[in-house]
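Following: one structure in structure tokens, then a few remarks.
Residue numbers (this note's numbering): 99 to 366.
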């Protein structure tokens, strides 16, 4: 079989062989990667663990927890923490944080899930063209041989054309599973995104509640305590801000004490 294929010449068959190996490597890798994506129950358990770590131990512990593995939720949810820290530095509102993170969550998930799919799509397009080019070159060589030697032997002419067509057949054999795999994986990406979306939204809500809202409140408190003199009107403003952000009293007092301590160190 290999000898038959190599009749078309290594100049085209070797690139086609490499394209075939690469295509199947992408296909098997994607099958394996998508099988590792947690289903409903697994995603719920993963969210429960992440939520518990965040609420009991804080952001840094959650980052360490997510870094333990390289699954889609570990990577995407870790990226969302980094994104939230940047949004906090930019002094974004809670609503802006939520909108940005929901948009970025889908973007990060797609980047993870669609890895290698563009390569698979390229192979499905490129391999028939390489095969066709090999056929054209083979036909040219066959007709040149006929021109030099004449067409006295029909079998020799047919054999030359037959050999030239091998590369086209090989290109199609590579392209068909590649494009089928690409279309199948595109559908799987959408299914996975739809399945993980509710859990990612719950996770974003937790991040905003435990990290985003306290950060916004801290900015407001720092403005109030900038000179360590707080009026009654400013105290009332703090209460209104706490209510607006729906912060628990314990969290609000913790933020206020942290700001007071920081200001005390500045003025010491």
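Built from N, CA and C at the ideal position, the CB exists for glycine as well.
Compute the distance between the beta-carbons of residue i and residue j, then report whether it is under 7 Å.
i, j, result
"residue 202", "residue 181", "yes"
"residue 319", "residue 287", "no"
"residue 145", "residue 300", "yes"
"residue 219", "residue 282", "no"
"residue 323", "residue 361", "yes"
"residue 112", "residue 199", "no"
"residue 265", "residue 110", "yes"
"residue 345", "residue 221", "no"
"residue 304", "residue 152", "yes"
"residue 157", "residue 309", "yes"
"residue 336", "residue 311", "no"
"residue 233", "residue 211", "no"
"residue 331", "residue 340", "no"
Classify residue i as helix, strand or coil using the three-state DSSP reduction.
i, result
"residue 155", "helix"
"residue 329", "coil"
"residue 345", "coil"
"residue 287", "helix"
"residue 312", "helix"
"residue 324", "coil"
"residue 214", "coil"
"residue 357", "helix"
"residue 296", "helix"
"residue 352", "helix"
"residue 228", "helix"
"residue 134", "coil"
"residue 365", "Low local confidence applies: a pLDDT of 44 at residue 365 is under 50, so the model's placement there is unreliable, with the coordinate-based value given in what follows. The answer is helix: DSSP assigns residue 365 an H, G or I state."
Count the other CB atoms within 10 Å of the CB of residue i; is the residue buried (16 or more) or exposed (fewer)?
i, result
"residue 216", "exposed"
"residue 177", "buried"
"residue 333", "exposed"
"residue 238", "exposed"
"residue 223", "exposed"
"residue 269", "buried"
"residue 355", "exposed"
"residue 129", "exposed"
"residue 327", "exposed"
Exercise. Does the stretch 184-195 come close enough to the stretch 224-238 that 3 or more CB-CB pairs lie under 8 Å?
Worked result: no
For this session: Tell me the start and end of each unbroken alpha helix (DSSP H) in the stretch 138-206 that is at least 4 residues and wholly inside, in chain order.
Result: Listed in chain order, they are 138-155, 157-164 and 170-187.
Exercise. With contact counted as at least three CB pairs below 8 Å, one residue from each stretch, are the stretch 161-180 and the stretch 129-136 in contact?
Worked result: yes
Exercise. Touch check for the stretch 206-225 and the stretch 273-290: three-plus C-beta pairs under 8 Å?
Worked result: Taking a contact to require three or more Cβ pairs closer than 8 Å, the stretch 206-225 and the stretch 273-290 qualify as touching.
Problem set entry | Contact the stretch 107-125 vs the stretch 273-288: 3+ CB pairs below 8 Å | In short, these stretches touch, since the Cβ pair count reaches three.
For this session: Could you tell me whether the stretch 188-200 touches the stretch 158-165, where touching means 3 or more Cβ pairs closer than 8 Å?
Result: no
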